[in-house]
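Every letter in the sequence shown is one number past the one before it in our numbering, and letter 76, counting from 1, is 79.
Beta carbons: idealized from backbone N, C-alpha and C, even for Gly.
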Amino acid sequence: MTGAEHPHPGRTLVQRHPPKGPRSMTDCLFQRFTSPYNQVLRNSGSLSNVPSPGGAAYGILVAVATVGGEWNILISLQFKFHLFAPENPDSSGSTTGKQKVLPAAVLPSHVPFLLIGGGTASFAAARSIRARDPGAKVLIVSDELDPPYMRPPLSKELWFSDDPDVTETLRFKQWNGKERSIFFQPPSFYVAPEELMSAEHGGVSVVTGKKNKCTVVHLDVRENKVKLNDGTQISYEKCLIATGGTPRNLPAIERASEEVKKRTTLFRRVSDFRSLERLSSSVGSITIIGGGFLGSELACALGRRAQKSNLDVIQMFPESGNMGKVLPEYLSHWTTDKVTREGVNVISDAVVKSVAYKSGKLHISLKDGRQVMHHMVKYQVLK
Numbered sequence: 004m005t006g007a008e009h010p011h012p013g014r015t016l017v018q019r020h021p022p023k024g025p026r027s028m029t030d031c032l033f034q035r036f037t038s039p040y041n042q043v044l045r046n047s048g049s050l051s052n053v054p055s056p057g058g059a060a061y062g063i064l065v066a067v068a069t070v071g072g073e074w075n076i077l078i079s080l081q082f083k084f085h086l087f088a089p090e091n092p093d094s095s096g097s098t099t100g101k102q103k104v105l106p107a108a109v110l111p112s113h114v115p116f117l118l119i120g121g122g123t124a125s126f127a128a129a130r131s132i133r134a135r136d137p138g139a140k141v142l143i144v145s146d147e148l149d150p151p152y153m154r155p156p157l158s159k160e161l162w163f164s165d166d167p168d169v170t171e172t173l174r175f176k177q178w179n180g181k182e183r184s185i186f187f188q189p190p191s192f193y194v195a196p197e198e199l200m201s202a203e204h205g206g207v208s209v210v211t212g213k214k215n216k217c218t219v220v221h222l223d224v225r226e227n228k229v230k231l232n233d234g235t236q237i238s239y240e241k242c243l244i245a246t247g248g249t250p251r252n253l254p255a256i257e258r259a260s261e262e263v264k265k266r267t268t269l270f271r272r273v274s275d276f277r278s279l280e281r282l283s284s285s286v287g288s289i290t291i292i293g294g295g296f297l298g299s300e301l302a303c304a305l306g307r308r309a310q311k312s313n314l315d316v317i318q319m320f321p322e323s324g325n326m327g328k329v330l331p332e333y334l335s336h337w338t339t340d341k342v343t344r345e346g347v348n349v350i351s352d353a354v355v356k357s358v359a360y361k362s363g364k365l366h367i368s369l370k371d372g373r374q375v376m377h378h379m380v381k382y383q384v385l386k
């Protein structure tokens, strides 16, 4: 601090100033993020491609931890993950090969770029960083079990695949007829975490998630450090928080018995797609709670499958029609008619009051007194 007076004698005062002069492209990266989902899809084959200008910020970018020296905040969060280095990868991008779990000690103590979250926004950021600096070293920390992938096919294209092994291959046909994996890059693209800082040409490492493994318990943006539950600290130069949306439970199901909870699940991840695909051929009925894009897409996919089996599919939601929160009323009702024609029993104006398990079925009680009995419930509500 310049000047004759110190406001608090005996204390150390640190005065922070924003950097002078023009900022580099990497300094501005997190303030000017131009990598939407479709742009990532076009460029996922190579990180050397500079993204085209003019794109809008992708919706699942949650927050940016600015570390340029202007902010004096501490952020605490919970984040579970384990270390994953692929072995015997194949060109399809599938992670069906063996996976090697590494101890937490192999994590680098310092990384230039730390990205928290393993979705599209995080991968787009890694791609942009590498496009601007081909030697950049990027560490992605994710609570997913898989490296970054596209979520939309989980409720769309994968359900219409002719491949009987689609739950393993996770490959689908695009609108142009070409086949590709849901993964942006095959496992061989990523650098193992313990090799990241020694990699001559840099690279991207992914730390994927699993219960009872390492947990991020504290993020200190003043000291540029993240702390794990075992006390390990990783310092960084730039940090991006891109954890995306989180499905929230329904109060009626949170209050329900364990028997109910075992038969209800949220839909968001690859594991949820695999579980629902398996259940759709083994149970007699499935109820989908939620009338947005995801719930309506799943209802149509299951309804079409039900036309070839004895599966009974119900979709319920509190609005008066499908996608009632985003579409005008006449389009919402048109969409409901379309979903119904796909073989789905649509129940609108449905607010779940309670869920119980009786005689081998789930009994769903609505606030208006209606009752629904089914074997399995899938629901999706994003925070």
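query                                                                                                                                                       : result
Could you check the C-alpha separation between residue 367 and residue 374 for me, to the nearest Å?                                                        : 6 Å
Inspect the beta-carbon positions of residue 194 and residue 143 and report whether they are closer than 8 Å.                                               : no
Does the beta-carbon distance from residue 259 to residue 358 come in below 8 Å?                                                                            : yes
Contact between the region 281–295 and the region 315–322: three or more CB pairs below 8 Å?                                                                : yes
Please report the residue range of the beta strand (DSSP E) in which residue 366 lies.                                                                      : 364–369
Starting from residue 260, follow its DSSP beta bridges and name the residues at the other end.                                                             : In the DSSP output, where bridge partners are listed per residue, residue 260 has none listed.
Return the CA-CA distance between residue 377 and residue 311, expressed in angstroms with no decimal places.                                               : 19 Å
Using 10 angstroms around the beta-carbon of residue 59, count the other beta-carbons present and answer buried if the total reaches 16, otherwise exposed. : At residue 59, the pLDDT of 32 sits below 50, so the modelled position is not reliable and the matter cannot be decided from this model.
DSSP three-state label for residue 340, please.                                                                                                             : helix
So is residue 188 buried or exposed if we call it buried at 16+ other beta carbons inside 10 Å?                                                             : buried
Nearest-angstrom Cα distance between residue 371 and residue 328?                                                                                           : 21 Å
Can you tell me the Cα-Cα spacing of residue 400 and residue 253, whole angstroms?                                                                          : Not covered by the structure: residue 400. The range shown for the chain is 4 to 386.
For the 8 Å Cβ check, are there 3 or more pairs between the region 176–190 and the region 241–249?                                                          : no
Where do the ends of the alpha helix (DSSP H) carrying residue 275 lie?                                                                                     : 273–282
Looking at the structure shown, is residue 201 part of a helix, part of a strand, or coil, going by DSSP?                                                   : coil
For residue 288 and residue 349, I'd like the C-alpha separation in whole angstroms.                                                                        : 14 Å
Have a look at residue 278 and residue 156 and give me their C-alpha separation to the nearest angstrom.                                                    : 15 Å
Indicate the three-state DSSP secondary structure (helix, strand or coil) for residue 34 in the structure shown.                                            : Its pLDDT being 36, under 50, residue 34 is placed unreliably by the model, and the measurement read from it follows with that caveat. Correct three-state label for residue 34: coil.
Along the chain, where does the beta strand (DSSP E) containing residue 161 start, and where does it finish?                                                : Counting along the chain, residue 161 falls outside any beta strand (DSSP E), and DSSP gives it neither H nor E.
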